[in-house]
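Here's the structure, in structure tokens; my notes come after.
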Amino acid sequence: MIKARVYRSSQREFECKVIATGEFVSATAMGKLLKGKDHQIVVGDFVTLEETNDDPKYKIIEIDKRYGEVFRVIVREASKKVTASNIDLLIITTSVSEPVYKRGIIDRFLVRAYQWNIKPIIVFNKMDEYDPESFDIKFERDRLSVLGIECFEMSALDDTYKKKYLELGKDELMTVLRGKTALFLGQSGVGKSQIITSLSNKKFELKTGGVGKWGKGTHTTSWSEIIDLDNFLVVDSPGVRSLSLEDLPSEDFISYFPDLVDMSVQCKFQNCTHMENAKGCAFRDKLDPDNYDDALVLSRLDSFIRIFDELSQIPEWANRITGKRS
Ligand SMILES: Nc1nc2c(ncn2[C@@H]2O[C@H](COP(=O)(O)OP(=O)(O)OP(=O)(O)O)[C@@H](O)[C@H]2O)c(=O)[nH]1
Ligand SMILES: [Mg+2]
Ligand SMILES: [Zn+2]
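Here our numbering runs 32 ahead of the position in the sequence shown, where the first position is 1.
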């Protein structure tokens, strides 16, 4: 029995690292392991290989039980599409210049982190281009520290850049990553591949792309792969093409905002919208937008309302007919 981990995958061939020797080998898979709805082999999987007389020489015969799965639910088929597995940490990456920083996008990725049950951290990248006039990075950090989420600031292009605004920088990020498998998430163009190059001290020069004239990235990374940095593994993944959370149920959606749950049960009406004019709303009655700490909570509530509103507008039947949710 040869134990290995899948580092890269194409349609039917998988590049695996043999645990015992560290050697990279190509492997195929057959039948259910390849086509099965719930069993497709993904990057990050721990697998068992068997030697064959064919080329490639190895065959994947079993996938180990997974933890830390990254997936979307395919409502239509009542199944989930897994894209990476055995992930310890999600590195939600944002740029502070171009593409412009958007708080709502972080909150959307955080919903996924809670859905997948994988610990998130936030990296503010392109700090060499940060303009304190554009937004208050301390406020952004503070609103996440309520959730116990750590925020790091760095510049992937300028290796001499030292943290200036937050308590944690690139050195601390390296420490947090030690021994872990981390997946980078973030819009195209925020610098995920560039950060990996920087964390590897330029040992790996990943292909990076520009930021187009609309301030959007150009989708340079086109597949997911594990990269073995000295003390940790990172998964580079294509920037999201769709930020939609349509595959999540709108019932009990607030549980994906764990910081808001306690107060939400104090609202007078069970179906409270928590909107500004909602009668008996605990958030509106108890929190003062001019108070710093209250404003942190209200900024999270604002994201919740927006996303919830979007989810509530999609009638279930429409998705089933058009298959839009997949
Ligand atoms: N000024 C500055 N530019 C950066 C920094 N990090 C990345 N960039 C630039 O931003 C552009 C996009 O970087 P990528 O690493 O390709 O972005 P990505 O997130 O991997 O994008 P996709 O692969 O498309 O998802 C490149 O031109 C990088 O050189 C940084 O810290 N500062
Ligand atoms: Mg990339
Ligand atoms: Zn309310």
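All C-beta atoms in this analysis are idealised placements derived from N, C-alpha and C, irrespective of residue type, glycine included.
Any idea if T84 is buried or exposed, counting beta-carbon neighbours within 10 angstroms, 16 or more meaning buried?
As a position in the sequence shown, residue 84 is number 52, starting the count at 1. Exposed, since its Cβ has fewer than 16 Cβ neighbours within 10 Å.
Distance between D279 and I286 (C-alpha atoms, nearest Å):
Translated into the one-based positions of the sequence shown, residue 286 becomes position 254. Translated into the one-based positions of the sequence shown, residue 279 becomes position 247. Their backbone Cα atoms lie some 15 Å apart in a straight line.
Could you give the distance in angstroms between the alpha-carbon of D139 and the alpha-carbon of C313?
Position 107 of the sequence shown, counted from the first residue, corresponds to residue 139. Position 281 of the sequence shown, counted from the first residue, corresponds to residue 313. Answer to the nearest angstrom: the Cα atoms are 22 Å apart.
What do you reckon, is the C-beta of D268 under 7 Å from a heavy atom of ligand 2?
On the sequence shown, residue 268 is found 236 positions in, with the first residue counted as 1. With a threshold of 7 Å, the Cβ atom of D268 counts as near ligand 2, since some heavy atom of the ligand is closer than that.
Grouping DSSP H, G and I as helix and E and B as strand, with all else coil, what is L343?
Mapped onto the sequence shown, residue 343 falls at position 311. Helix, per DSSP.
Looking at the structure shown, is G173 part of a helix, part of a strand, or coil, going by DSSP?
Residue numbering aside, residue 173 sits at position 141 when the sequence shown is read from its first letter. Rather than Gly, the amino acid found at residue 173 in this sequence is Arg. Under the three-state reduction of DSSP output, R173 falls in the helix class.
Per DSSP, N157 forms a beta bridge with which residues?
Reading the sequence shown from its first residue, position 125 is the one you call residue 157. Partner(s): S127.
If you run the structure through DSSP and keep just helix, strand and coil, what is L277?
As a first step, residue 277 is located in the sequence shown; it is residue number 245 there, counting from the start. Coil, per DSSP.
Ordered list of beta strand (DSSP E) runs contained in the stretch 179-218, each at least 3 residues
Runs found: 183-185, 213-217.
First and last residue of the alpha helix (DSSP H) that includes I138?
Here residue 138 refers to the residue found at position 106 of the sequence shown. Element bounds for I138: 135-148.
Is any heavy atom in ligand 1 found nearer than 7 Å to the beta carbon of V243?
Within the sequence shown, residue 243 is the residue found at index 211, counting from 1. Yes.
Whose C-beta lies closer than 8 Å to the C-beta of I337 among residues of the same chain, with five residues either side of it excluded?
The sequence position of residue 337 within the sequence shown is 305, counting from 1. If you ignore the 5 residues before and after I337, its C-beta comes within less than 8 Å of the C-beta of T305, H306, M307, all in its own chain and listed in chain order.
Leaving out the 5 sequence neighbours to the left and right, which residues in its chain are closer than 8 Å to A188 when beta-carbon positions are compared?
As a working mapping, residue 188 is identified with position 156 in the sequence shown. Apart from the 5 residues on each side of it in sequence, A188 sits with its Cβ closer than 8 Å to the Cβ of N157, K158, G223, Q226, I227, T229, S230 in its chain, given in chain order.
Starting from the C-beta of H251, find all residues in its chain whose C-beta is less than 8 Å away, skip the five residues before and the five after it, and write them out in chain order.
For the purposes of this step, residue 251 is taken as residue 219 along the sequence shown, with counting starting at 1. For H251, same chain residues with a beta-carbon under 8 Å away, outside a window of 5 residues either side, are S220, G241, P270, G271, R273 in chain order.
Could you tell me the distance, in whole angstroms, from the CA atom of A145 to the CA atom of S177?
Translated into the one-based positions of the sequence shown, residue 145 becomes position 113. Translated into the one-based positions of the sequence shown, residue 177 becomes position 145. Across the structure, A145 and S177 are spaced so that their CA atoms are roughly 15 Å apart.
By Cβ distance below 6 Å, which residues in the same chain neighbour K300 in space, the five residues on each side in sequence not counted?
Reading the sequence shown from its first residue, position 268 is the one you call residue 300. Once the five neighbours on either side are set aside, the close Cβ partners of K300 are G312.
Own chain partners of T253 with C-beta closer than 6 Å, once the 5 adjacent residues on each side are dropped
Residue mapping note: residue 253 aligns to position 221 of the sequence shown, counting from 1. Counting only Cβ-Cβ distances below 6 Å, and skipping sequence neighbours, we find S225, D268, P270.
Pick out whichever of I51, I73, F46 has its Cα sitting closest to the Cα of T60.
The residue given as residue 60 occupies position 28 in the sequence shown. Closest by alpha carbon: F46.
With 16 as the cutoff for other CB atoms within 10 Å, does R210 come out buried or exposed?
Against the sequence shown, residue 210 aligns to sequence position 178. Residue environment for R210: exposed (fewer than 16 other C-beta atoms within 10 angstroms of its C-beta).
Can you tell me whether DSSP reads T250 as helix, strand or coil?
Here residue 250 corresponds to residue number 218 of the sequence shown, with the count starting at 1. It is coil, neither helix nor strand.
Please report the distance separating the alpha-carbon of D96 from that of V79.
Position 64 of the sequence shown, counting from 1, holds the residue named residue 96. Position 47 of the sequence shown, counting from 1, holds the residue named residue 79. When only Cα atoms are considered, D96 and V79 end up about 6 Å apart.
By the 10 Å Cβ neighbour count, where 16 or more other Cβ atoms means buried, how is P131 classified, buried or exposed?
Against the sequence shown, residue 131 aligns to sequence position 99. Around the beta carbon of P131, a 10 Å sphere encloses 16 or more other beta carbons of the protein chains shown; the residue is thus reported as buried.
Please report the distance separating the alpha-carbon of G100 from that of P164.
Stepping through the sequence shown from its first residue, residue 100 is reached at position 68. Stepping through the sequence shown from its first residue, residue 164 is reached at position 132. Counting only the Cα atoms, P164 lies some 36 Å from G100.
May I ask you to check if the CB of N157 is nearer than 7 Å to at least one heavy atom of ligand 1?
Within the sequence shown, the letter at position 125 stands for residue 157. Yes.
Can you look up A61 in the DSSP assignment and give me helix, strand or coil?
Residue numbering aside, residue 61 sits at position 29 when the sequence shown is read from its first letter. Annotated three-state conformation of A61 is strand, per DSSP.
Count the other CB atoms within 10 Å of the CB of S256; is the residue buried (16 or more) or exposed (fewer)?
One-based indexing of the sequence shown puts residue 256 at position 224. Burial call: buried.
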